[in-house]
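Colleague: Before anything else, here's the structure in question.
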Amino acid sequence: MTNKEFQDWQEKELDKSISRFPERKEQFLNHGADEINRLAIPAKVDKKYLEDIGFPGKFPFTRGVQPTMYRGRLWTMRQYAGFSSAAESNKRYRYLLEQGTSGLSVAFDLPTQIGYDSDNPLSMGEVGKVGVAIDSLADMEVLFEQIPLDKVSTSMTINSPAAVLLAMYMVVAEKQGVSSTQVQGTIQNDVLKEYVARGTYIFPPQPSLRLITNIFQWCSENAPSFNTISISGYHIREAGSTAVQEVAFTLANACTYVETALEAGLEIDVFAKRLAFFFNSSSDLLEEIAKFRAARRLWARLMKERFGAKNPASMMLRFHTQTAGNTLTAQQIDNNIVRVTIQAMAAVLGGTQSLHTNSKDEALSLPTEESVRTALRTQQIIAHESGVANTVDPFAGSYYMEELTDKIEEGAKKIMAEVDQAGGVVACIENGFIQRQIENSAYDYQQEIEKGERVIVGVNKFTVEEEGKQPGLRGDPGVEDAQVQRLLELKKRRNNEKVKETLTSLEIAANREENLMPYISDAVREYATLGEICNVLRKVFGEYRG
37 MTNKEFQDWQ
47 EKELDKSISR
57 FPERKEQFLN
67 HGADEINRLA
77 IPAKVDKKYL
87 EDIGFPGKFP
97 FTRGVQPTMY
107 RGRLWTMRQY
117 AGFSSAAESN
127 KRYRYLLEQG
137 TSGLSVAFDL
147 PTQIGYDSDN
157 PLSMGEVGKV
167 GVAIDSLADM
177 EVLFEQIPLD
187 KVSTSMTINS
197 PAAVLLAMYM
207 VVAEKQGVSS
217 TQVQGTIQND
227 VLKEYVARGT
237 YIFPPQPSLR
247 LITNIFQWCS
257 ENAPSFNTIS
267 ISGYHIREAG
277 STAVQEVAFT
287 LANACTYVET
297 ALEAGLEIDV
307 FAKRLAFFFN
317 SSSDLLEEIA
327 KFRAARRLWA
337 RLMKERFGAK
347 NPASMMLRFH
357 TQTAGNTLTA
367 QQIDNNIVRV
377 TIQAMAAVLG
387 GTQSLHTNSK
397 DEALSLPTEE
407 SVRTALRTQQ
417 IIAHESGVAN
427 TVDPFAGSYY
437 MEELTDKIEE
447 GAKKIMAEVD
457 QAGGVVACIE
467 NGFIQRQIEN
477 SAYDYQQEIE
487 KGERVIVGVN
497 KFTVEEEGKQ
507 PGLRGDPGVE
517 DAQVQRLLEL
527 KKRRNNEKVK
537 ETLTSLEIAA
547 NREENLMPYI
557 SDAVREYATL
567 GEICNVLRKV
577 FGEYRG
């Protein structure tokens with residue numbers, strides 16, 4: 037592509053942005069296509085440049101997945117929240133939307149994440165603690181009360197029971213009069229990383245992969261604008277991996293999902309364009325920027341060369357970013373605002389599509405409204421005051437950035453090759469190879485801190501005596517009893533014969549290898565609970581014991 041051809045193409049993309057977001061026409065035009073092109077095109081273009089770096093919005097997408105990046109549209113400011121009851125979380129969501137959040141991100145409590153109802157004895161003491169308790173469609177209805185699902189994009193951090201929560205969300209939209217084709221958002225649905233980094237798995241790997249593929253297929257036919265998976269490096273990094281390992285294991289997992297979908301008969305250019313990713317943004321600013329560039333380029337090449345994708349949208353690595361929770365310190369918590377700012381800037385300079393900024397007090401407690409607002413304002417200041425969004429790719433042409441990007445990509449490819457040679461991701465989960473790699477890196481990192489080789493401000497250097505920690509937000513101890521009572525009342529007033537019928541149909545379908553999404557949706561509509569649905573699947577699939 038010549039410079040002139042690229043300019044013509046990019047101007048068309050700018051016109052598309054204006055037609056899609058007419059209310060922002062003036063903002064788009066203020067930056068002007070000429071200036072955009074000048075900043076996007078290097079003075080000299082050679083073959084290696086096009087192969088390794090290219091133009092924004094063009095293969096291999098090193099410089100971003102959109103030709104105008106944040107000049108055309110800012111990233112989605114998506115704050116992660118969920119605690120206590122559905123009603124309390126709903127209040128927080130509406131507060132965030134009033135403060136300028138452009139997307140919601142739902143945190144579920146531990147029982148919900150592992151498919152147990154709030155009245156299960158194993159749930160005792162955990163209901164509503166690390167997220168919101170969702171037992172049935174009734175809770176989901178309250179969670180999104182007065183929130184229009186045709187206008188708000190929602191990300192749900194749920195994995196093993198993802199199909200159930202997705203069905204609940206879609207039925208809520210249906211009850212609002214919103215077609216599933218209008219619903220936008222993302223469901224994490226990434227169970228492979230649960231086995232190595234997080235632990236909220238239910239079923240063994242193979243039936244888990246089946247459920248994921250069922251979601252791919254169902255959404256391609258019924259919810260084409262919904263991202264069917266958010267393949268997560270975030271939790272891999274939080275467990276202690278290096279940046280290179282985060283890229284390698286995340287993309288290895290992604291390849292496994294693609295291979296499973298292809299084996300099930302899905303077409304690469306039908307489902308792959310709805311794959312999304314979720315990365316951590318840590319404090320080494322330049323390494324993180326290079327990591328995002330390397331991940332985009334490596335994924336584009338894998339999709340094109342390994343899987344034969346033809347549609348450029350199938351080759352784009354679109355990702356959400358969250359600042360690094362494991363870097364937040366309980367000591368001198370105001371320092372966390374600076375850490376989060378650096379990490380958020382890395383994500384923006386690295387070309388993220390959406391971003392969550394952690395709150396300063398999360399090492400102590402659930403974040404207060406004040407600290408959440410500060411975290412959101414951090415994004416808004418970066419977007420509107422820092423000037424970094426005025427340039428398509430601020431690090432274009434940096435020799436160091438290009439060298440660092442190459443280094444991370446090569447390192448990730450080497451690790452992925454080791455995984456392939458060892459039998460693939462599932463085999464490496466079962467024999468503990470991936471877990472050991474992450475654990476070794478976590479150990480090395482902690483040793484560096486304890487020896488003083490790695491400075492953590494306020495922890496092992498520049499410390500001060502603190503009289504006491506700020507109290508933060510504490511959950512209501514009566515939440516669990518109230519949630520259990522609501523659940524018991526629901527079970528009395530619903531049509532239990534219909535519930536039984538839908539659960540029986542689900543069990544038959546699970547044994548027949550059918551797509552389970554329609555059966556799960558039927559059960560959800562009759563107010564079958566999350567635990568009841570997951571118990572049917574436990575009966576058929578068994579449970580994974582790591």
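According to our numbering, the sequence shown is numbered sequentially starting from 37.
Ideal Cβ placement from N, Cα and C applies to all residues, glycine included.
None of these values were measured; they are calculated from a predicted model.
So Val283 and Lys327 are in contact, right, with Cβ under 8 Å, and what is the actual spacing, rounded?
Modeller: Here the question's residue 283 lines up with position 247 in the sequence shown. Here the question's residue 327 lines up with position 291 in the sequence shown. The Cβ separation is near 6 Å, so the contact holds.
Colleague: By alpha-carbon positions, which one of Leu391, Asn371 and Val376 ends up nearest to Glu357?
Modeller: Taking the sequence shown and counting its residues from 1, one reaches residue 357 at position 321. Residue 357 is actually Thr in this sequence, not Glu. Per the Cα distances, Leu391.
Colleague: Whole angstroms is fine: what's the gap from Val354's alpha carbon to Arg529's?
Modeller: By one-based count along the sequence shown, residue 354 stands at place 318. By one-based count along the sequence shown, residue 529 stands at place 493. The residue asked about is misnamed: residue 354 is Arg in this sequence, not Val. For Arg354 and Arg529, the distance between alpha carbons rounds to 44 Å.
Colleague: Roughly how many angstroms lie between the CA atoms of Leu185 and Phe313, to the nearest whole one?
Modeller: Position 149 of the sequence shown holds residue 185. Position 277 of the sequence shown holds residue 313. So the alpha carbons of these two residues sit roughly 22 Å apart.
Colleague: Consult DSSP for Leu110 and reduce its assignment to one of helix, strand or coil.
Modeller: Counting from one through the sequence shown, the residue named residue 110 turns up at place 74. If DSSP states are grouped into helix, strand and coil, Leu110 belongs with coil.
Colleague: Please determine, among Val219, Gly100, Glu87 and Leu201, the residue with the shortest C-alpha to C-alpha distance to Gly139.
Modeller: Here residue 139 refers to the residue found at position 103 when the sequence shown is read from its first residue. Considering only alpha carbons, the answer is Val219.
Colleague: Reducing DSSP to helix, strand and coil, say where Leu179 ends up.
Modeller: As a first step, residue 179 must be located in the sequence shown, where it is residue number 143. Three-state result, Leu179: helix.
Colleague: Got a sec? Which residues, its chain only, sit under 8 Å from Asp70 by beta carbon, not counting five neighbours each side?
Modeller: For the purposes of this step, residue 70 is identified with residue 34 of the sequence shown, where counting begins at 1. Model confidence at Asp70 stands at a pLDDT of 47, short of 50, so the residue's coordinates are unreliable and nothing is read from them.
Colleague: Please look up how many angstroms separate the CB atoms of Ser277 and Ala382, rounded, as I've assumed it's under 8 Å.
Modeller: Taking the sequence shown and counting its residues from 1, one reaches residue 277 at position 241. Taking the sequence shown and counting its residues from 1, one reaches residue 382 at position 346. Between Ala382 and Ser277 the Cβ distance is about 17 Å, and since that is not below 8 Å, they are no contact.
Colleague: Which residue wins for smallest C-alpha separation from Glu406, given the options Asp370, Asp429 and Tyr231?
Modeller: Within the sequence shown, numbered from 1, the residue matching residue 406 stands at position 370. For the residues Asp370, Asp429 and Tyr231, the minimum Cα distance to Glu406 belongs to Asp370.
Colleague: What does DSSP give as the partner residue(s) for Lys497 in the beta ladder?
Modeller: As a position in the sequence shown, residue 497 is number 461, starting the count at 1. In DSSP, Lys497 forms a bridge with Val493.
Colleague: Excluding the five sequence neighbours on either side, which residues of its own chain have a C-beta within less than 8 Å of the C-beta of Val387, listed in chain order?
Modeller: Here residue 387 is taken as the residue at index 351 of the sequence shown, counted from 1. Rather than Val, the amino acid found at residue 387 in this sequence is Gly. Within the same chain, Gly387 has close Cβ partners Arg99, Gly100, Val101, Met105, Phe328, Arg329, Arg332 and Asp429.
Colleague: Please return the same chain residues whose Cβ sits closer than 7 Å to the Cβ of Ala297, not counting the five positions on each side in sequence.
Modeller: Here residue 297 refers to the residue found at position 261 when the sequence shown is read from its first residue. Excluding positions up to five away in sequence, the list reads Thr249, Phe252 and Phe307.
Colleague: With DSSP collapsed to three states, give me the class of Ile72.
Modeller: For the purposes of this step, residue 72 is taken as residue 36 along the sequence shown, with counting starting at 1. Note on Ile72: pLDDT 46, under 50, position unreliable in the model; the coordinate value appears next. Ile72 falls in the helix class under three-state DSSP.
Colleague: Going by DSSP in three states, Ala300 sits in which element: helix, strand or coil?
Modeller: For this step, residue 300 is matched to residue 264 along the sequence shown. In the structure shown, Ala300 sits in coil (DSSP, three-state: anything other than H, G, I, E or B).
Colleague: Alpha carbon to alpha carbon, what distance is there between Gln389 and Gly68?
Modeller: Counting from 1 along the sequence shown, the entry for residue 68 is found at position 32. Counting from 1 along the sequence shown, the entry for residue 389 is found at position 353. With a pLDDT of 46 at Gly68, under the threshold of 50, the modelled position of this residue cannot be trusted; read the value that follows with caution. Cα to Cα, the separation comes out at about 22 Å.
Colleague: Please classify Tyr580: is it buried, with 16 or more other beta-carbons within 10 angstroms of its beta-carbon, or exposed?
Modeller: Residue 580 sits at position 544 when you count from the first residue of the sequence shown. Looking at its Cβ environment, which holds 16 or more other Cβ atoms inside 10 Å, Tyr580 is buried.
Colleague: So does the segment 197-215 actually touch the segment 562-570, counting three or more Cβ pairs closer than 8 Å?
Modeller: Segments in contact, yes.
Colleague: Can you tell which of Pro197, Lys527 and Ala290 has its C-alpha closest to the C-alpha of Leu334?
Modeller: Indexing the sequence shown from 1 puts residue 334 at position 298. Ranking the options by Cα distance to Leu334, first place goes to Ala290.
Colleague: Asp397 to Thr414, Cα distance in whole Å?
Modeller: Residue 397 sits at position 361 when you count from the first residue of the sequence shown. Residue 414 sits at position 378 when you count from the first residue of the sequence shown. Roughly 15 Å between the two C-alpha positions.
Colleague: How would you label Phe498, buried or exposed, when you count the other beta carbons within 10 angstroms and need 16 or more for buried?
Modeller: Numbered from 1 along the sequence shown, position 462 holds the residue referred to as residue 498. The residue is exposed, with fewer than 16 neighbouring Cβ atoms inside 10 Å.
Colleague: Mind reading off the beta-carbon distance from Leu287 to Ala448? Whole number of angstroms is fine, and I expect it under 8 Å.
Modeller: The sequence position of residue 287 within the sequence shown is 251, counting from 1. The sequence position of residue 448 within the sequence shown is 412, counting from 1. With 8 Å as the limit, Leu287 and Ala448 qualify as a contact, their Cβ atoms being about 7 Å apart.
Colleague: Among Glu134, Val572 and Lys534, which one has its Cα closest to the Cα of Ala546?
Modeller: Position 510 of the sequence shown, counted from the first residue, corresponds to residue 546. Ranking the options by Cα distance to Ala546, first place goes to Val572.
Colleague: DSSP on Gly361, reduced to helix/strand/coil?
Modeller: Locating residue 361 in the sequence shown gives position 325, counting from the first residue. Helix at Gly361.
Colleague: Could you say which of Ala233, Val232 and Val227 lies nearest to Phe239 if we only look at CA atoms?
Modeller: In the sequence shown, residue 239 corresponds to position 203, counting from 1. Looking at the Cα atoms, Val227 is the closest of the given residues.
Colleague: Contact check, Ser154 vs Gln519 under 8 Å by CB: the rounded distance?
Modeller: Within the sequence shown, residue 154 is the residue found at index 118, counting from 1. Within the sequence shown, residue 519 is the residue found at index 483, counting from 1. Yes, Ser154 and Gln519 are in contact; Cβ-Cβ is about 5 Å, under 8 Å.
Colleague: Within 10 angstroms of its Cβ, does Ile485 collect 16 or more other Cβ (buried), or is it exposed?
Modeller: By 1-based counting over the sequence shown, the position of residue 485 is 449. Looking at its Cβ environment, which holds fewer than 16 other Cβ atoms inside 10 Å, Ile485 is exposed.
Colleague: Rounded C-beta distance between Phe33 and Gly167? I'm assuming under 8 Å.
Modeller: Within the shown structure, residues of the chain are numbered from 37 to 582, placing residue 33 beyond reach of any answer.
Colleague: Mind checking who Gln115 pairs with in its DSSP beta bridge?
Modeller: If you number the sequence shown from 1, residue 115 lands on position 79. DSSP, once it has assigned bridges, lists Leu140 as partnering Gln115.
Colleague: If we count the other Cβ atoms within 10 Å of its Cβ and call it buried at 16 or more, is Ser55 buried or exposed?
Modeller: One-based indexing of the sequence shown puts residue 55 at position 19. Looking at its Cβ environment, which holds fewer than 16 other Cβ atoms inside 10 Å, Ser55 is exposed.
Colleague: What does the alpha-carbon distance come out to for the pair Val188 and Val208?
Modeller: Residue mapping note: residue 188 aligns to position 152 of the sequence shown, counting from 1. Residue mapping note: residue 208 aligns to position 172 of the sequence shown, counting from 1. C-alpha separation (whole angstroms): 13 Å.
Colleague: What does DSSP give as the partner residues of Ser266 in its beta bridges?
Modeller: To locate residue 266, count along the sequence shown from 1; it is residue 230. In DSSP, Ser266 forms a bridge with Ala312.
Colleague: Kindly indicate which three-state DSSP category Ile470 falls into: helix, strand or coil?
Modeller: Position 434 of the sequence shown holds residue 470. Looking at Ile470 - three-state DSSP - the assignment turns out to be helix.
Colleague: So the candidates are Gly108, Asn467, Tyr231 and Leu86; which of them puts its Cα closest to the Cα of Ala425?
Modeller: The residue given as residue 425 occupies position 389 in the sequence shown. The residue with the shortest Cα to Cα distance from Ala425 is Gly108.
Colleague: Please return the same chain residues whose Cβ sits closer than 8 Å to the Cβ of Val495, not counting the five positions on each side in sequence.
Modeller: The sequence position of residue 495 within the sequence shown is 459, counting from 1. Around Val495: Thr365, Gln367 and Ile485.
Colleague: Let's see if you can read the secondary structure: which residues bound the alpha helix (DSSP H) around Met351?
Modeller: Numbered from 1 along the sequence shown, position 315 holds the residue referred to as residue 351. Met351 -> alpha helix (DSSP H) spans Pro348 to Met351.
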